[in-house]
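In the working numbering, the protein residues as written are 681 to 1429. C-beta: ideal position from N, C-alpha, C; glycine also. What follows is a short report on a single structure.
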């Protein structure tokens, strides 16, 4: 520490790209290191050392060539960074011994060379830096303390500090030598009368990220939080801390964000110890983690606390043990016991405190979800456990991931707040047309873009990455992905931009840009054109075709009674009979995390969903179903209504409205109901029908449950002709493999 050290080592570095106030902002490697010892006790200086460093990529920016005077030949002859750092330690140690000194502290004119260049590069190259690089003094901040009238440290430059005390910069042409000599002269000057300054303000660099918990009541500064986007799905909090190496993250300050299925969505919220470190983190926008570039944006304390904050006593108790490595297990058999999990992990990965270090995630009624979290006392045990990834326990393969305290809290909170489908009251229901909450008002304003030719596996994150810097101009709830008749991605998407100029810019910049080895066509279009497609029409080179709901109706539908207002009936309720599926009756599913989404051509020829971006982190209330365009929603029918119109199978559109006034019911659901859990997330109705092909089920017997993003939640309800058939299907098919996933079937009474 400087307060106990009597020696400073004035340290300077330059990179192959930007230097000065932009050091490290472009991820370029260090090519020059210069240092010189200053004896604070005797006020003497040592030998000046200047070393050229050979980077892995032999390339110099033009400005760097001009500033440093170096060329590629100089770099080729130089030593790599690890060798130069060894040379640095040897020379400094030797000089300290000759001066009879035992400790020293680095002194820099800006923390950038340490925090933004040296530590990130060493991390990327897996170099272990010496302890001396974990602390330093910032000459600007020391000068601000010594001469407060000179102004704030953030605005100080070396030349202005020298001028303030009546000194001139060193007359040296070589970059690095000039800066170090000037810094040494300034240090010696403020050590003498009348300043008599002492260097006591030491900054530290976090050696290792300290995981921990965060309470929802904790005070978090808005100016210390960022959002990192585009992370690899398997990233842990330690990986993210490594990406921000050199900057100090607050304890438990990494919160991985989860999607509606409880899986990581490639985003994380990170909290730093102060605004200065947050501002340096923002300079790492589009820096790389492996082969992926990471986007870094400002975020708020509220967003961080939503994800990282927890109030569960169970979680608090589980995470009360300090310095534990957390691993998440997913896909456990529902009847797996604690001992079976411990045996599965084996003696090479002992769980902390045995059974107390294992936390099963459950629904509010105690049913297991198939998830669990495990505590290990060190990385070695955790790595041994990770080797069991995708190995079999019982009849299921188990996935293992490095996890965080924030993820434990998110998962527990999500499942504990999930309504229980099987315990819902079985009441009569009436299908009604729900007005699309986010479908825009049609207009000729060309503030939208159409994406055509998307990979069928593309998700919202892929589209946002494809859009790049233009994502900031997307309207709230402005990403609409179009699904085909089977409820699967059609390869099309529409995006609402804030202004027509932004839509035009996107169409110019992103047209035929590649996404997952496919080029995507991007066209500017109007809100009216987008609405027509989202409502089931077509948009092609030959022009627009109206949606089915706009076609002339020869006769009213015979399959359903749509009790709704005349205004809605005139536009959306009159369909030709071929457009409607056969009648079906559903069990009411009221869950803020699940929205009914029929994958068959039930109402429109093209179905779609609206993904939230920009969006809230949690599921919106039931009153605003996040599905666009209108689909069928099911609302509980009052008992008085259920008793009024039994035995009225067919209604005209006019009779439908009268049926509501007459309290028209829906016939009770016949047969036996089976709940399927553990479905792959790309499951369609045809897949489930094939799975139960021996039972000759009809498409309307399958109800797939979709989440608020319009994706399969992994669950479905299947109606069988009789209770006997339902029970037989459960006995025969439970725990069978379904496209690589183990299913769990439950008979619902």
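When C-alpha distances from residue 1068 are compared across 1046, 1033, 1024, the shortest belongs to 1024.
The criterion of a C-beta distance shorter than 8 Å is not satisfied by residue 961 and residue 1086. For residue 1150, the closest alpha carbon among the candidates 687, 1184, 969 is that of 1184. Under the three-state reduction of DSSP, residue 943 is assigned to coil, being neither helix nor strand. The straight-line gap separating the alpha-carbon atoms of residue 1092 and residue 967 is approximately 33 Å. Within the same chain, and ignoring the five residues on either side of residue 872 in sequence, the residues whose Cβ sits closer than 8 Å to its Cβ are 723.
The C-beta distance from residue 713 to residue 733 rounds to 6 Å, short enough to meet the 8 Å contact threshold. Here residue 881 is exposed, its C-beta having fewer than 16 other C-beta atoms within 10 Å.
Here residue 830 carries a helix assignment [DSSP, helix/strand/coil]. Going by DSSP, residue 753 is part of the alpha helix (DSSP H) stretching over 752 to 757. The Cβ atoms of residue 1177 and residue 1127 sit closer than 8 Å to each other.
Sequence-distant partners of residue 946 (beyond 5 residues in either direction) whose C-beta falls short of 7 Å from its own C-beta, in its chain, are 909, 910, 911, 913, 1141. In the displayed model, residue 856 falls within coil according to three-state DSSP, outside both helix and strand.
At a cut-off of 4 residues, the continuous stretches assigned as alpha helix (DSSP H) that sit fully inside the stretch 885 to 923 are 917 to 923. Collapsing the DSSP output to three states places residue 1375 in a helix.
The stretch 703 to 717 makes contact with the stretch 745 to 758; the number of CB pairs closer than 8 Å reaches 3 or more. In the DSSP assignment, the residues bridged to residue 1076 are 1073. In the DSSP assignment, residue 960 falls within the alpha helix (DSSP H) that extends over 955 to 962. The C-beta of residue 1179 has fewer than 16 other C-beta atoms within 10 Å across all chains shown, which makes the residue exposed. Taking C-alpha positions only, residue 705 is separated from residue 1373 by approximately 59 Å.
DSSP places residue 1056 inside the beta strand (DSSP E), whose first and last residues are 1048 to 1056.
Shortest Cα-Cα distance from residue 894 to any of 870, 932, 924 involves 932. Rounded to the nearest whole angstrom, the CA to CA distance from residue 997 to residue 906 is 28 Å.
The alpha-carbon separation between residue 936 and residue 949 amounts to approximately 7 Å. The alpha-carbon separation between residue 731 and residue 1152 amounts to approximately 44 Å. In summary, residue 861 is buried, with 16 or more beta-carbon neighbours lying within 10 Å of its beta-carbon over all protein chains present. In this structure residue 800 is buried. Its beta-carbon is surrounded by 16 or more other beta-carbon atoms within 10 angstroms. Distances from the alpha-carbon of residue 1005 to those of 813, 774, 1084 put 1084 closest.
Per DSSP, the continuous beta strand (DSSP E) segment holding residue 815 begins and ends at 815 to 818.
Restricted to the stretch 783 to 823, the beta strand (DSSP E) segments that are unbroken, complete and at least 3 residues in length are 785 to 788, 815 to 818, listed in chain order. Between the beta-carbon of residue 1357 and that of residue 1395 there is about 5 Å, and that keeps the pair under the 8 Å contact cut. DSSP, reduced to helix, strand and coil, places residue 1130 within a strand of the structure shown. Non-local C-beta neighbours of residue 758 in its own chain, meaning closer than 7 Å and more than five positions away in sequence, comprise 732, 733, 734, ordered along the chain. Residue 1179 carries a coil assignment under DSSP once its states are collapsed to helix, strand and coil.
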